[in-house]
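The structure under discussion appears below in the form of structure tokens.
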Amino acid sequence: MRPFPRRLRWAAIGALGLALSAGVVGCAPEPAAPAAPTTSAPPPPPTPEELRAAEADEWVAAASTRELAGSVIMASIPTTDATQLHALMTTSGIGGFILMGANVPGTPEELAALTAQLTVDEALPPLVAIDEEGGLVTRLPWDTLPGADALRSQPPRATTDAFRGRADLLQAAGITVNFGVVADATADSASFIYPRSLGDTGKDAAPRVAAAVEGERGRVATTLKHFPGHGVTPADSHQAIPQTGLSLADWRSDTAAPFAAGIDAGAELLMFGHLAYTEVSPAPASLAPEWYALARDELGFTGVAVTDDLGMLRASGVPEYQDPVDTTVAALAAGADLALTVIGMDATGVAALVDGVTAAVETGALPEGRLREAATRVTLLRLELADARTPAAWKHE
Numbered sequence: 001m002r003p004f005p006r007r008l009r010w011a012a013i014g015a016l017g018l019a020l021s022a023g024v025v026g027c028a029p030e031p032a033a034p035a036a037p038t039t040s041a042p043p044p045p046p047t048p049e050e051l052r053a054a055e056a057d058e059w060v061a062a063a064s065t066r067e068l069a070g071s072v073i074m075a076s077i078p079t080t081d082a083t084q085l086h087a088l089m090t091t092s093g094i095g096g097f098i099l100m101g102a103n104v105p106g107t108p109e110e111l112a113a114l115t116a117q118l119t120v121d122e123a124l125p126p127l128v129a130i131d132e133e134g135g136l137v138t139r140l141p142w143d144t145l146p147g148a149d150a151l152r153s154q155p156p157r158a159t160t161d162a163f164r165g166r167a168d169l170l171q172a173a174g175i176t177v178n179f180g181v182v183a184d185a186t187a188d189s190a191s192f193i194y195p196r197s198l199g200d201t202g203k204d205a206a207p208r209v210a211a212a213v214e215g216e217r218g219r220v221a222t223t224l225k226h227f228p229g230h231g232v233t234p235a236d237s238h239q240a241i242p243q244t245g246l247s248l249a250d251w252r253s254d255t256a257a258p259f260a261a262g263i264d265a266g267a268e269l270l271m272f273g274h275l276a277y278t279e280v281s282p283a284p285a286s287l288a289p290e291w292y293a294l295a296r297d298e299l300g301f302t303g304v305a306v307t308d309d310l311g312m313l314r315a316s317g318v319p320e321y322q323d324p325v326d327t328t329v330a331a332l333a334a335g336a337d338l339a340l341t342v343i344g345m346d347a348t349g350v351a352a353l354v355d356g357v358t359a360a361v362e363t364g365a366l367p368e369g370r371l372r373e374a375a376t377r378v379t380l381l382r383l384e385l386a387d388a389r390t391p392a393a394w395k396h397e
């Protein structure tokens with residue numbers, strides 16, 4: 001992937017902002033006589049958010065279809081070999097990497113050195129993610145902070161403290177995104193999601209979900225999962241595609257509450273699960289346009305919509321979900337911004353996904369506008385996290 005000359009872009013966009021503020025943009029002829037002094041204040045210069053948005057738009061506008069296709073894929077390969085990981089990121093151009101257990105070495109220092117090798121272009125680092133919920137789902141052996149199984153009976157402040165401490169561990173290791181805030185709620189102790197949920201009901205879990213987002217703020221980007229809610233069915237989506245006949249009205253009345261609370265608290269990502277609410281769509285939510293629309297139109301989510309691992313759909317055994325390219329394209333077409341794929345992936349498979357998404361745009365199976373929309377959201381988040389990591393570098397170099 002071509003380098004992203006961000007320092008020059010910041011300077012150019014900043015100069016444009018100053019020019020606009022001074023009213024010097026344009027080619028109008030010089031006045032015959034000096035204008036009278038004005039007392040009106042110039043417009044304020046562009047904000048950092050406006051500058052990043054302009055940068056993201058510019059990168060997407062200049063990118064090739066293959067670069068765009070790579071940018072909306074997050075993958076993993078099972079190795080701690082830094083050379084292999086750097087080669088994967090260099091050749092594929094994928095927008096993110098998720099660390100699984102097979103990617104975690106023995107010490108925090110070794111992990112920090114490993115994650116550093118995932119960056120090909122310092123101006124546009126990839127999203128580096130992990131599932132670090134605490135408790136039952138813990139990738140880092142040195143994370144001894146409490147998880148949901150202990151926090152669900154504690155006041156929200158305990159959740160804030162635990163997730164703040166956990167986010168500090170992740171940030172120190174070079175991780176920028178945590179897929180760690182479970183917004184599912186259930187009182188069924190036999191459910192696979194029960195020990196990972198922060199409350200028996202949506203209304204019970206909502207304050208703790210918001211507290212978790214608060215704890216991670218300013219350290220890592222927060223992900224809420226598994227939208228629209230796994231707690232309504234005990235079935236495990238790692239083995240099948242769970243189904244529920246829960247009505248949309250009933251979903252709104254309780255199940256939606258933790259997701260709404262987390263979005264209102266500022267969560268940057270929303271993970272869509274592989275379960276079907278048949279009253280809304282026969283497809284799993286990760287492939288259902290209806291759910292992406294509900295998240296944005298009803299809950300006001302404006303961040304990055306990421307799928308759960310699309311390899312889980314293949315593990316379900318459902319024939320129409322066996323081709324990884326087809327499911328990736330279907331998820332992006334439905335409204336996903338970032339397609340996550342882990343199970344069964346290697347470097348060859350990742351390259352095939354990028355090629356497949358590229359071909360889908362060329363054949364019309366994936367609208368180019370949808371790909372550009374997704375790539376813009378992902379790129380904007382990457383720029384935001386880059387600024388959070390080294391804010392002074394872009395301002396003064």
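Counting in the UniProt record's numbering, the sequence shown runs from 1 upward without gaps. Yeah, the Cβ is synthetic: ideal placement off N, Cα and C, and Gly gets one too.
Practice task
Have a look at the DSSP bridge pairing and note the partners of T223.
Solution key: Per DSSP, L269.
Practice task
Excluding the 5 residues preceding and the 5 following R196 in the sequence, name in chain order all residues of the same chain whose CB lies nearer than 8 Å to its CB.
Solution key: When the five nearest sequence neighbours on each side are left out, the beta carbons in the same chain lying within less than 8 Å of the beta carbon of R196 are those of E133, G135, L136, V137, G147, A148, D149, V182, D184, in order along the chain.
Practice task
Please list the segments of the alpha helix (DSSP H) lying wholly inside the segment 278-366, counting only runs of 4 or more residues, in order along the chain.
Solution key: Those alpha helix (DSSP H) runs which fall completely within the segment 278-366 and span 4+ residues are 289-297, 311-315, 324-334, 347-363.
Exercise for the section: Run the CB neighbour count on P45, radius 10 Å, all protein chains shown included, and call it buried at 16 or more, exposed below. Expected result: Taking all protein chains shown into account, P45 has fewer than 16 neighbouring C-beta atoms within 10 Å of its C-beta and is therefore exposed.
Practice task
Determine the burial state of R157: buried for a count of at least 16 other Cβ atoms within 10 Å of its Cβ, exposed for fewer.
Solution key: Classified as exposed, R157 has fewer than 16 neighbouring CB atoms from the shown chains inside 10 Å of its CB.
Practice task
Compare the C-alpha of residue 413 against each of P42, E214, T222 and name the closest.
Solution key: Only positions 1 to 397 of the chain appear in the structure, and residue 413 is not among them; the question remains open.
Practice task
Return the CA-CA distance between I175 and N103, expressed in angstroms with no decimal places.
Solution key: I175 and N103 have their C-alpha atoms roughly 12 Å apart.
Practice task
Can you give me the start and stop residues for the alpha helix (DSSP H) that L275 sits inside?
Solution key: Counting along the chain, L275 falls outside any alpha helix (DSSP H), and DSSP gives it neither H nor E.
Exercise for the section: Tell me whether P228 is buried or exposed, calling it buried when 16 or more other Cβ atoms sit within 10 Å of its Cβ. Expected result: P228 counts as buried, since no fewer than 16 other beta carbons sit within 10 angstroms of its beta carbon.
Practice task
For G364, count neighbouring Cβ atoms within 10 angstroms of its own Cβ and tell me buried if that reaches 16, exposed if not.
Solution key: With fewer than 16 Cβ atoms within 10 Å of its Cβ, G364 is classed as exposed.
Practice task
Go to A112, then tell me how far its alpha helix (DSSP H) extends in each direction, as first and last residue.
Solution key: Counting along the chain, the alpha helix (DSSP H) containing A112 begins and ends at 108-116.
Handout entry: Local Cβ density within 10 Å of D337, reported as buried at 16 or more and exposed below that
Key = Answer is buried; the Cβ neighbour count reaches 16.
Exercise for the section: Identify the continuous beta strand (DSSP E) that holds V177 and give its terminal residues. Expected result: Note, V177: beta strand (DSSP E), 177-182.
Practice task
Note down the Cα distance separating T80 from A173, rounded to an integer number of angstroms.
Solution key: Using only the alpha carbons, I get a separation of about 14 Å.
Exercise for the section: Give the DSSP-derived three-state secondary structure of G23 in the structure shown. Expected result: Any reading at G23 must be qualified, since the residue scores a pLDDT of 38, below 50, and its modelled position is unreliable; the value itself is stated next. In this structure, G23 counts as coil in the three-state DSSP scheme.
Practice task
Identify whether A129 lies in helix, strand or coil by the three-state DSSP scheme.
Solution key: Shown here, A129 sits in a strand according to DSSP, grouped into three states.
Problem - Close-in-space but distant-in-sequence residues of the same chain around G317 (CB under 7 Å, 5 per side omitted) - result: Result list for G317: empty, nothing under 7 Å.
Practice task
Could you please give the first and the last residue of the uninterrupted beta strand (DSSP E) stretch that includes G96?
Solution key: For G96, the uninterrupted beta strand (DSSP E) run begins and ends at 96-99, by DSSP.
Practice task
Report all residues from its chain with a CB closer than 6 Å to the CB of A75; omit the five preceding and five following residues, and keep chain order.
Solution key: Closer than 6 Å at the Cβ level, and outside the excluded window around A75, lie I94, T341, M345, V350.
Problem - Burial state of W142, where buried means 16 or more other Cβ atoms lie within 10 Å - result: When all chains shown are included, W142 counts as exposed.
Handout entry: Start-to-end residues for the beta strand (DSSP E) that takes in A75
Key = Where A75 is concerned, the enclosing beta strand (DSSP E) stretches over 73-75.
Exercise for the section: Counting only the same chain and skipping the five closest in sequence on each side, list residues whose C-beta sits under 8 Å from that of V329. Expected result: For V329, where only same-chain residues beyond five positions count, the Cβ hits under 8 Å are G356, V357, A360, A365, L366.
Problem - Expected contact under 8 Å - CB spacing of A235 and L287 to nearest Å - result: With 8 Å as the limit, A235 and L287 do not qualify as a contact, their Cβ atoms being about 17 Å apart.
Exercise for the section: Check whether the Cβ atoms of residue 425 and T186 sit closer than 8 Å, and answer yes or no. Expected result: For the chain, the structure presents residues 1 to 397; residue 425 sits outside this window and is missing.
Exercise for the section: Between the Cα of W251 and those of I241, L299, A240, V209, spot the shortest distance and give me the residue it belongs to. Expected result: Nearest option by C-alpha distance: L299.
Exercise for the section: Using a threshold of 8 Å, state whether the C-beta atoms of G199 and A190 are closer than that. Expected result: No, these two residues do not count as a Cβ contact at 8 Å.
Problem - D161 to G215 span [Cα, whole Å] - result: In a straight line, the C-alpha of D161 is about 6 Å away from that of G215.
Practice task
Give the DSSP-derived three-state secondary structure of Q171 in the structure shown.
Solution key: Under the three-state reduction of DSSP, Q171 is assigned to helix.
Practice task
In the DSSP assignment, find the unbroken alpha helix (DSSP H) run with T91 in it and report its ends.
Solution key: Residues 82-92.
Practice task
Check G165 in the structure and name its three-state DSSP category.
Solution key: Helix at G165.
Handout entry: Cα-Cα separation between H86 and P108, rounded to whole angstroms
Key = For H86 and P108, the distance between alpha carbons rounds to 19 Å.
Problem - Straight-line gap, V120 to S253 (C-alpha atoms, nearest Å) - result: Roughly 45 Å between the two C-alpha positions.
Practice task
From the DSSP output, read off the bridge partner residues of G134.
Solution key: As DSSP reads the structure, G134 sits in a beta bridge with V137.
Exercise for the section: Could you tell me the distance, in whole angstroms, from the CA atom of Y277 to the CA atom of P324? Expected result: Answer to the nearest angstrom: the Cα atoms are 23 Å apart.
Problem - A62 versus T244: straight-line alpha-carbon distance, rounded - result: The alpha-carbon atoms of A62 and T244 are separated by roughly 43 Å.
Exercise for the section: Use the C-beta contact count for R219: other C-beta atoms within 10 angstroms, 16 or more gives buried, fewer gives exposed. Expected result: That one is buried.
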